[in-house]
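If you count the sequence shown from 1, position 235 lands on 511 in the numbering used here, and the numbers rise without skipping.
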Amino acid sequence: MSNNPYLPFRAPILSKTRQTAVDWTYHIGCSLNPVPGQFVEVSLPGVGECPISISDFTPDSVELTIRRVGKVTENLSRLEEADYLYLRGPYGQGFPLEQFAGRHLIIAAGGTGLAPVKSVIRHFAERPETLAGLTILAGFKSPEDILFRPELESWSRSFDVQVTVDQVCDVPVPSPGHVGLITALIPDLAIPSPTNTRAIVVGPPAMMKFTCAELLRRGLKEDQIWVSLERRMSCGLGKCGHCRVGSTHVCLDGPVFNYAKARKLVD
C-alpha cells in the first residue's frame with residue numbers, strides 16, 4: 277500500500293459474496309489495521325471514487341459491503357474474485373471501544389448501517405467478558421434486504437439479537453423476527469441500568485434521529501450514544517468541503533460522533 281494518503285493503491289479481490297440483489301461483500305487483500313467505524317475510498321480508474329465503510333478486517337484483509345446505487349458502485353458490482361480495485365485509507369475516527377468496556381451495549385443498525393458495526397460486534401463476540409451485555413437490533417425494508425444472515429444467526433447464540441422488517445414476503449426473517457420499524461423494539465428492551473448502558477446507532481438519517489429519541493426516552497443521555505454520519509463524506513481528507521459543517525469535517529472528525537455533538541451537525 278501507498279504511504280501517500282492522496283495516492284490509491286491496487287488491491288486484489290480475494291472473494292465476493294452476494295448479500296442481497298444489490299449488495300455484495302468483498303474481501304480485499306491488503307493490510308490496513310483499521311479501527312472499527314473507519315472507512316476507505318474505493319476507486320476504479322476512469323470511473324470514479326466513493327467512500328465505503330469497513331465492515332470487518334483481519335491482519336491481511338479488509339471486508340467491504342457495497343450497495344449498487346450509482347456509477348462507481350455499479351462498476352464495482354461487476355468485479356469478481358481475482359480482479360483488482362484501488363483503495364485509499366483508512367480514514368476518520370472510529371468507535372471508542374474502550375468506552376463500552378463493562379457496559380451494557382445496545383447496537384441499533386438500519387439497512388446497510390449494519391456493515392460499519394459488524395467489526396464492533398465481532399470484537400465483543402471474541403471478548404464477551406468485557407461487556408455487561410450486548411443487544412443487537414437490526415432493521416431492514418424486507419426479508420430480501422437482510423444482510424449478514426449467517427452472522428446474525430451466530431450472534432444470536434450469544435447475545436440478544438432482534439431483527440425487524442418493514443414489510444414481509446416469502447423470504448423468512450431470522451428468529452426472533454419482528455415486523456415494523458426498529459424504533460418499536462426499544463420500549464420493551466431490557467435495560468437494567470440506563471446509567472451503565474451505551475448505544476451505537478447507524479443507519480439512514482431518519483432512523484438514527486428517531487432511534488436516538490427512543491433511547492433518550494429510556495433514560496440514556498446524549499453523551500451515552502454514538503452515531504455515524506458517513507453519508508456526508510466525499511474526499512476523505514477534509515479538502516473538498518463536501519462534508520464540512522461549521523468548523524467540523526465529518527471525514528476527519530468523524531464519521532463516528534458522540535450524539536451530543538452529532539445532533540448539532542445534522543439538518
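Glycine included, C-beta positions come from ideal geometry on N, C-alpha and C.
Distance, Cα to Cα, Pro-480 vs Gly-386? The residue you call residue 480 lines up with position 204 of the sequence shown. The residue you call residue 386 lines up with position 110 of the sequence shown. For Pro-480 and Gly-386, the distance between alpha carbons rounds to 7 angstroms.
Assuming Ile-382 and Gly-415 make a contact with CB atoms under 8 angstroms, what is their CB distance in whole Å? Taking the first residue of the sequence shown as position 1, residue 382 is located at position 106. Taking the first residue of the sequence shown as position 1, residue 415 is located at position 139. Not a contact, Cβ separation roughly 13 angstroms.
Using C-beta distances below 8 angstroms, list every residue in its chain close to Lys-347, excluding the 5 sequence neighbours before and after it, in chain order. As a first step, residue 347 is located in the sequence shown; it is residue number 71 there, counting from the start. So the qualifying residues of the chain are Val-323 and Gly-324.
Who are Val-521's beta bridge partners in DSSP? Residue 521 sits at position 245 when you count from the first residue of the sequence shown. Note: Val-521 sits in a beta bridge opposite Thr-524.
Determine the closest residue to Arg-508 out of Gln-500, Trp-502, Gly-517 and Ile-501, with distance taken between C-alpha atoms. Locating residue 508 in the sequence shown gives position 232, counting from the first residue. Ranking Gln-500, Trp-502, Gly-517 and Ile-501 by Cα distance to Arg-508 puts Gly-517 first.
Can you give the Cα-Cα distance for Gly-456 and His-303, rounded to whole angstroms? Looking up residue 456 in the sequence shown gives position 180. Looking up residue 303 in the sequence shown gives position 27. Cα to Cα, the separation comes out at about 32 angstroms.
Assess, as a yes-or-no matter, whether the region 407-425 is touched by the region 438-445 under the definition of 3 or more beta carbon pairs within less than 8 angstroms. These segments touch.
Which stretch, first to last residue, makes up the alpha helix (DSSP H) that contains Val-348? For the purposes of this step, residue 348 is taken as the residue at position 72 of the sequence shown. 347-352 is the extent of the alpha helix (DSSP H) around Val-348.
Return the CA-CA distance between Ser-329 and Leu-361, expressed in angstroms with no decimal places. Taking the first residue of the sequence shown as position 1, residue 329 is located at position 53. Taking the first residue of the sequence shown as position 1, residue 361 is located at position 85. It is roughly 15 angstroms from the alpha-carbon of Ser-329 to the alpha-carbon of Leu-361.
Compare the beta carbon distance of Phe-315 and Gly-365 with 8 angstroms and say whether it is the shorter of the two. Position 39 of the sequence shown, counted from the start, is the residue given in the question as residue 315. Position 89 of the sequence shown, counted from the start, is the residue given in the question as residue 365. Inclusion of Phe-315 and Gly-365 in the CB contact set at 8 angstroms is warranted, their separation being smaller than that value.
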